[in-house]
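Protein chains in written order, with this note's numbering: chain A, 1 to 383; chain B, 1 to 383.
So the structure is just underneath, and the comments pick up after that.
2 protein chains.
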Amino acid sequence: MKTKLSLLVFTSILTGQLCLAQENPQKPPADDWKPAPTNQKGKEYPQVNSEGRIKFRIVAPDAKTVGCTFRDSSEFSKGEDGAWYGYTRPLDEGFHYYAIKIDGAEVPDPNSLYFFGAMRWGSGVEIPAHDKDSYALKNVPHGQLREIYFHSNSTDTERRAFVYTPPGYDQNPNQRYPVLYLQHGWGENEYGWGVQGCAGLIMDNLIAAGKSRPFIIVMTYGMTNDTRMGGMRDFRIEPFETVLVKELIPYIDANFRTLADQPNRAMAGLSMGGMETKTITLKNLDTFSHIGLFSGGSISPDDISGLAGFREKNKLVFVSYGSREVSGNRSGGNRRGGDPKANVEALKEAGINSHYYVSPDTAHEWLSWRRSLREFAPLLFKN
Amino acid sequence: MKTKLSLLVFTSILTGQLCLAQENPQKPPADDWKPAPTNQKGKEYPQVNSEGRIKFRIVAPDAKTVGCTFRDSSEFSKGEDGAWYGYTRPLDEGFHYYAIKIDGAEVPDPNSLYFFGAMRWGSGVEIPAHDKDSYALKNVPHGQLREIYFHSNSTDTERRAFVYTPPGYDQNPNQRYPVLYLQHGWGENEYGWGVQGCAGLIMDNLIAAGKSRPFIIVMTYGMTNDTRMGGMRDFRIEPFETVLVKELIPYIDANFRTLADQPNRAMAGLSMGGMETKTITLKNLDTFSHIGLFSGGSISPDDISGLAGFREKNKLVFVSYGSREVSGNRSGGNRRGGDPKANVEALKEAGINSHYYVSPDTAHEWLSWRRSLREFAPLLFKN
Chain A
1 MKTKLSLLVF
11 TSILTGQLCL
21 AQENPQKPPA
31 DDWKPAPTNQ
41 KGKEYPQVNS
51 EGRIKFRIVA
61 PDAKTVGCTF
71 RDSSEFSKGE
81 DGAWYGYTRP
91 LDEGFHYYAI
101 KIDGAEVPDP
111 NSLYFFGAMR
121 WGSGVEIPAH
131 DKDSYALKNV
141 PHGQLREIYF
151 HSNSTDTERR
161 AFVYTPPGYD
171 QNPNQRYPVL
181 YLQHGWGENE
191 YGWGVQGCAG
201 LIMDNLIAAG
211 KSRPFIIVMT
221 YGMTNDTRMG
231 GMRDFRIEPF
241 ETVLVKELIP
251 YIDANFRTLA
261 DQPNRAMAGL
271 SMGGMETKTI
281 TLKNLDTFSH
291 IGLFSGGSIS
301 PDDISGLAGF
311 REKNKLVFVS
321 YGSREVSGNR
331 SGGNRRGGDP
341 KANVEALKEA
351 GINSHYYVSP
361 DTAHEWLSWR
371 RSLREFAPLL
381 FKN
Chain B
1 MKTKLSLLVF
11 TSILTGQLCL
21 AQENPQKPPA
31 DDWKPAPTNQ
41 KGKEYPQVNS
51 EGRIKFRIVA
61 PDAKTVGCTF
71 RDSSEFSKGE
81 DGAWYGYTRP
91 LDEGFHYYAI
101 KIDGAEVPDP
111 NSLYFFGAMR
121 WGSGVEIPAH
131 DKDSYALKNV
141 PHGQLREIYF
151 HSNSTDTERR
161 AFVYTPPGYD
171 QNPNQRYPVL
181 YLQHGWGENE
191 YGWGVQGCAG
201 LIMDNLIAAG
211 KSRPFIIVMT
221 YGMTNDTRMG
231 GMRDFRIEPF
241 ETVLVKELIP
251 YIDANFRTLA
261 DQPNRAMAGL
271 SMGGMETKTI
281 TLKNLDTFSH
291 IGLFSGGSIS
301 PDDISGLAGF
311 REKNKLVFVS
321 YGSREVSGNR
331 SGGNRRGGDP
341 KANVEALKEA
351 GINSHYYVSP
361 DTAHEWLSWR
371 RSLREFAPLL
381 FKN
């Protein structure tokens, strides 16, 4: 029952826009607009300014009203060229899902790239962050993001996963690698980490800088009993646990050059994926040694006090949040994340190697999770 | 100049809907609608019926007019649930790009998956074909579709390519494989063959049936000097030829277990990609041995009469079209493809190993090209 309540919390926050207004939306926006990096190639709009506002241009000659799903946005009005223009309040740096509204229809912006989140493929927009260099595409050795299909007996399906193999994987045929199983959030899918999560670029850059061991990352769909239409109430973790532990891990170990043992296997996830990670790793102490929860709850000393062998077998508990999710920050937010520092200190006292990270000035959103991976990866597989 | 004119032809046809009405659009549609396989998961619309019509459902409560970009479609009108409904004329089996129109705005259908074509990411819809089994996802050994980035000195960019590695590639570390370089059409990009082209699934199924040698396929963006906004008039093939021949091929040969010689290297492409294939392969006889042109022109005996060594070095010229593109078919079409049978017979007389294929009841569209790959692959690398 506790699990179900937590899931409902994740559900309600991932469908909304959590970023808070930082200043009076009536103030005229700074006139330094630039095309967003998430635009379709050659498209001038949406544009982003130095305040983190987004400005849209929508061609809808016969529409009565045009708008967007960001709350507190300006009214959209027709410009001299006959297209509709409107802009948002200042938003957090990083990535945001949105849609355009045309006479009551909620549709993707024809100018943006499309991403899977909030239970649909639709528009996303990126506000360049001050630390965007950590997930930029640079002239460094690149890993590969591989789309694979594996057969699942328990569901009688061919299931998709994405597998990041690090730079050098094909050049070093005798080397074996640790593996991180990395989960998306509620309403998202197996594309999330590789696309808007920038997982491959983050790892390429960390490895090039000597900050992380090269390892494999595996990303698959985490809602195996597929309750997307029924909502989270019907979600059960057991079908996914079976696919992950009994089917996908053996497939990966058989088809990739893994170090196929507990010390070299990690699991992490964001939001609902963090809940999955906690549930599955605590039930499978001999399978996973490193745990990462990104805006997805925490592991308390109580959670593990009755778990024989946790202290001996676990090598890392990592907990992270956006600053707007935790206590003691000055930028608002729901403080759902509690106090990760106190949590980690309690775990350390209980003898667990534990780390926390709070992403500055972000909420329950992808920039928090990209940064979480950037901070988590260097701590992995130090054995 | 001849090249430029051909390009303009490709431009004009790929932006339009070429499929012809097969019967009176006034006749009421057959009432056996089923959700299209290209819908977003859980979406009931668009639906397809046994006549190959597509029916849309669009929620746009305050709109005055709703429609779609398929010509000769029915008027859209509001149903009892307040949503707008409309349907198309019967269309060819296979894949079609489209958009929804709401009060003059042309936007993606929020219910469909999105594909890159006609110069934008937008909606596509699949009408199940009678031979869809050849590109179905089945419980057979699967290859991998790998997203890679390679550095290009000539353009000073990190460039994306997709690489299909066949089943068994990772399990057989001493085996080397031939390579097919496979190009998209005008207004499309490097995603086309791996997504709506179903290249990986086609190869998985051919290899499982013992009908094709396993080989690697490499797909990258073919409009290197990026004239998408300027149109085809400014297109020059040299920048792409440099990226492909001087940069991508060496990268692939260095990073994948290829058979890195002319007898084991093929190039093929659809539409504009066929033109690129013809131009580049005829200029690089020592690089490519097998040539495939899918709805993308042909190689005449005149083209090669002055080309020293073509007959000795070339192992295959394959030419294909949709039936509606060629002479002598009864289903209309522009007959731009001429007479591929006569073309191939003339090549054979000139001593060239040449094959042709005409896709039944299709036009300049992806079902023609999926079938072309299915027919082309078994002819490759017989050496």
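Ideal Cβ positions, reconstructed from N, Cα and C, are used throughout, including at glycine.
Next item on the list: State yes or no: is the C-beta of A:Asn111 within less than 8 Å of the C-beta of B:His151?
Entry: Here the question's residue 111 of chain A lines up with position 111 in the first sequence. Here the question's residue 151 of chain B lines up with position 151 in the second sequence. It is not a contact, given that the beta carbons lie outside the stated cut-off.
Next item on the list: Report the neighbours of B:Val344 on chain A: residues whose CB is nearer than 7 Å to its CB, in chain order.
Entry: By one-based count along the second sequence, residue 344 of chain B stands at place 344. Simply none; closest approach about 35 Å.
Next item on the list: Starting from the Cα of A:Arg57, find the closest Cα among B:Gly67, B:Thr279, B:Thr157, B:Val107 and give me that residue.
Entry: In the first sequence, the residue the question calls residue 57 of chain A occupies position 57. Out of B:Gly67, B:Thr279, B:Thr157, B:Val107, B:Val107 has the C-alpha closest to the C-alpha of A:Arg57.
Checklist line | Residue of B:Ser298, B:Gln171, B:Tyr87 minimising C-alpha distance to B:Lys27 | finding: The residue labelled residue 27 of chain B in the question sits at position 27 within the second sequence. Nearest C-alpha to B:Lys27: B:Tyr87.
Next item on the list: Could you run through the region 71 to 86 of chain A and flag, in chain order, every residue whose CB is less than 7 Å away from some CB of chain B?
Entry: Listed in sequence order: no entries.
Next item on the list: Would you identify the three-state DSSP class for B:Ala342, choosing helix, strand or coil?
Entry: Position 342 of the second sequence holds residue 342 of chain B. Three-state result, B:Ala342: helix.
Notebook entry, point to check: So, is the C-beta of B:Gln196 closer than 8 Å to a C-beta in chain A?
Noted result: Sequence index remark: in the second sequence, residue 196 of chain B carries index 196 (1-based). No, its Cβ sits nowhere closer than 8 Å to a Cβ of chain A.
Notebook entry, point to check: What are the residues that DSSP puts in a beta bridge with B:Lys34?
Noted result: Against the second sequence, residue 34 of chain B aligns to sequence position 34. According to DSSP, which records beta bridges pairwise, B:Lys34 is partnered with B:Val48.
Check: Do the CB positions of A:Tyr164 and A:Gly200 come within less than 8 Å of each other?
Finding: For the purposes of this step, residue 164 of chain A is taken as residue 164 along the first sequence, with counting starting at 1. For the purposes of this step, residue 200 of chain A is taken as residue 200 along the first sequence, with counting starting at 1. Yes, they are a contact pair.
Item checked: Within chain A, the residues that B:Gly104 reaches when beta carbons sit closer than 8 Å -> Indexing the second sequence from 1 puts residue 104 of chain B at position 104. What B:Gly104 touches in chain A: Val59, Ala60, Pro61, Asp62, Ala63.
Checklist line | Residues near B:Arg257 in its chain [Cβ-Cβ closer than 6 Å; skip 5 each side] | finding: Along the second sequence, read from residue 1 onward, the residue named residue 257 of chain B stands at position 257. Answer for B:Arg257: Arg176, listed in chain order.
Margin query: Please return the same chain residues whose Cβ sits closer than 6 Å to the Cβ of B:Glu247, not counting the five positions on each side in sequence.
Written below: The count along the second sequence starts at 1 and reaches residue 247 of chain B at position 247. Excluding positions up to five away in sequence, the list reads Ser152.
Next item on the list: Take B:Trp33 as the anchor and find which of B:Lys101, B:Asn39, B:Gln47, B:Glu80 has the nearest alpha-carbon.
Entry: Numbered from 1 along the second sequence, position 33 holds the residue referred to as residue 33 of chain B. Distances from the alpha-carbon of B:Trp33 to those of B:Lys101, B:Asn39, B:Gln47, B:Glu80 put B:Gln47 closest.
Notebook entry, point to check: With contact counted as at least three CB pairs below 8 Å, one residue from each stretch, are the region 361 to 375 of chain A and the region 275 to 290 of chain A in contact?
Noted result: no
Notebook entry, point to check: When the distance is taken between beta carbons, is A:Gly194 closer than 8 Å to A:Phe162?
Noted result: For the purposes of this step, residue 162 of chain A is taken as residue 162 along the first sequence, with counting starting at 1. For the purposes of this step, residue 194 of chain A is taken as residue 194 along the first sequence, with counting starting at 1. Their beta carbons are under 8 Å apart, which means A:Phe162 touches A:Gly194 by this criterion.
Margin query: Under DSSP, the alpha helix (DSSP H) around A:Leu180 begins and ends at which residues?
Written below: Residue 180 of chain A sits at position 180 when you count from the first residue of the first sequence. Judged by DSSP secondary structure, A:Leu180 falls outside any alpha helix (DSSP H) and instead within the beta strand (DSSP E) spanning 179 to 183.
Next item on the list: Starting from the beta carbon of B:Pro46, find every residue of chain A whose beta carbon is closer than 9 Å, and list them in chain order.
Entry: In the second sequence, the residue the question calls residue 46 of chain B occupies position 46. Per Cβ cutoff of 9 Å: no residues; B:Pro46 is ~14 Å from chain A at best.
Check: Using Cβ-Cβ distances below 9 Å, what residues of the region 242 to 257 of chain A are close to chain B?
Finding: Ala254, Asn255, Phe256, Arg257
Item checked: Cβ distance (whole Å) where B:Gly122 is taken to contact B:Ala99 below 8 Å -> The residue labelled residue 122 of chain B in the question sits at position 122 within the second sequence. The residue labelled residue 99 of chain B in the question sits at position 99 within the second sequence. Right, the Cβ-Cβ distance comes to about 6 Å (below 8 Å), so this counts as a contact.
Notebook entry, point to check: What are the boundary residues of the alpha helix (DSSP H) that A:Asn237 is part of?
Noted result: Residue numbering aside, residue 237 of chain A sits at position 237 when the first sequence is read from its first letter. Note that residue 237 of chain A is Ile in the sequence shown here, rather than Asn. Premise fails: A:Ile237 is in no alpha helix (DSSP H) and is neither H nor E.
Next item on the list: Step through the CB atoms of chain B and report whether any lies within less than 8 Å of the CB of A:Asn139.
Entry: Position 139 of the first sequence, counted from the start, is the residue given in the question as residue 139 of chain A. So, interface residue.
Check: For the candidate residues B:Asp109, B:Asp361, B:Gly309, B:Ile216, whose alpha-carbon lies nearest to that of B:Asn255?
Finding: If you number the second sequence from 1, residue 255 of chain B lands on position 255. Answer by Cα proximity: B:Ile216.
Next item on the list: Below 7 Å between beta carbons is the criterion; list the residues of the region 191 to 221 of chain B that meet it against any residue of chain A, in chain order.
Entry: none
Checklist line | Contact with chain B by A:Trp369, beta-carbon distance below 8 Å | finding: Against the first sequence, residue 369 of chain A aligns to sequence position 369. At a cut-off of 8 Å between beta-carbon atoms, A:Trp369 makes no contact with chain B.
Check: Since B:Pro29 contacts B:Glu126 with CB under 8 Å, what's their CB separation in whole angstroms?
Finding: Residue 29 of chain B sits at position 29 when you count from the first residue of the second sequence. Residue 126 of chain B sits at position 126 when you count from the first residue of the second sequence. About 18 Å; that fails the 8 Å criterion.
Notebook entry, point to check: Using DSSP with H/G/I as helix, E/B as strand and the rest coil, what is B:Ile299?
Noted result: Counting from 1 along the second sequence, the entry for residue 299 of chain B is found at position 299. If DSSP states are grouped into helix, strand and coil, B:Ile299 belongs with coil.
Check: What residue range is occupied by the uninterrupted beta strand (DSSP E) comprising A:Glu158?
Finding: In the first sequence, the residue the question calls residue 158 of chain A occupies position 158. Note, A:Glu158: beta strand (DSSP E), 157 to 165.
Notebook entry, point to check: Just the Cα atoms here: how many angstroms apart are B:Asn225 and A:Gly143?
Noted result: The sequence position of residue 225 of chain B within the second sequence is 225, counting from 1. The sequence position of residue 143 of chain A within the first sequence is 143, counting from 1. Roughly 26 Å separates the two Cα atoms.
Check: When you compare each of B:Ile352, B:Val319, B:Gly273, B:Ala308 to B:Gly338 by their alpha carbons, which one comes out closest?
Finding: As a working mapping, residue 338 of chain B is identified with position 338 in the second sequence. The residue with the shortest Cα to Cα distance from B:Gly338 is B:Val319.
Check: Which whole-angstrom value is the C-beta distance of B:Tyr191 and A:Leu137, which I expect to be below 8 Å?
Finding: Locating residue 191 of chain B in the second sequence gives position 191, counting from the first residue. Locating residue 137 of chain A in the first sequence gives position 137, counting from the first residue. Rounded, the Cβ-Cβ distance is 17 Å, inconsistent with contact.
Notebook entry, point to check: Does the distance from the C-beta atom of A:Gly269 to that of A:Phe235 stay below 8 Å?
Noted result: Mapped onto the first sequence, residue 269 of chain A falls at position 269. Mapped onto the first sequence, residue 235 of chain A falls at position 235. Going by C-beta atoms, A:Gly269 is not nearer than 8 Å to A:Phe235.
Item checked: Bridge partners - B:Ala260, DSSP secondary structure assignment -> Along the second sequence, read from residue 1 onward, the residue named residue 260 of chain B stands at position 260. Answer is none; B:Ala260 lacks a bridge partner.
Check: Can you name the start and end residues of the alpha helix (DSSP H) that B:Phe376 belongs to?
Finding: Here the question's residue 376 of chain B lines up with position 376 in the second sequence. Unbroken alpha helix (DSSP H) run through B:Phe376: 366 to 376.
Next item on the list: Taking all protein chains shown into account, decide if A:Gln196 is buried (16 or more other Cβ within 10 angstroms of its Cβ) or exposed.
Entry: Along the first sequence, read from residue 1 onward, the residue named residue 196 of chain A stands at position 196. Answer is buried; the Cβ neighbour count reaches 16.
Checklist line | Residue from A:Thr220, A:Glu147, A:Thr155, A:Glu158 whose Cα sits closest to the Cα of A:Leu469 | finding: Any property of residue 469 of chain A remains undetermined from this structure, which presents chain A solely from 1 to 383.
Next item on the list: Hey, could you find the ends of the alpha helix (DSSP H) A:Lys313 is sitting in?
Entry: By 1-based counting over the first sequence, the position of residue 313 of chain A is 313. Looking at the DSSP string, the run of the alpha helix (DSSP H) that includes A:Lys313 is 310 to 313.
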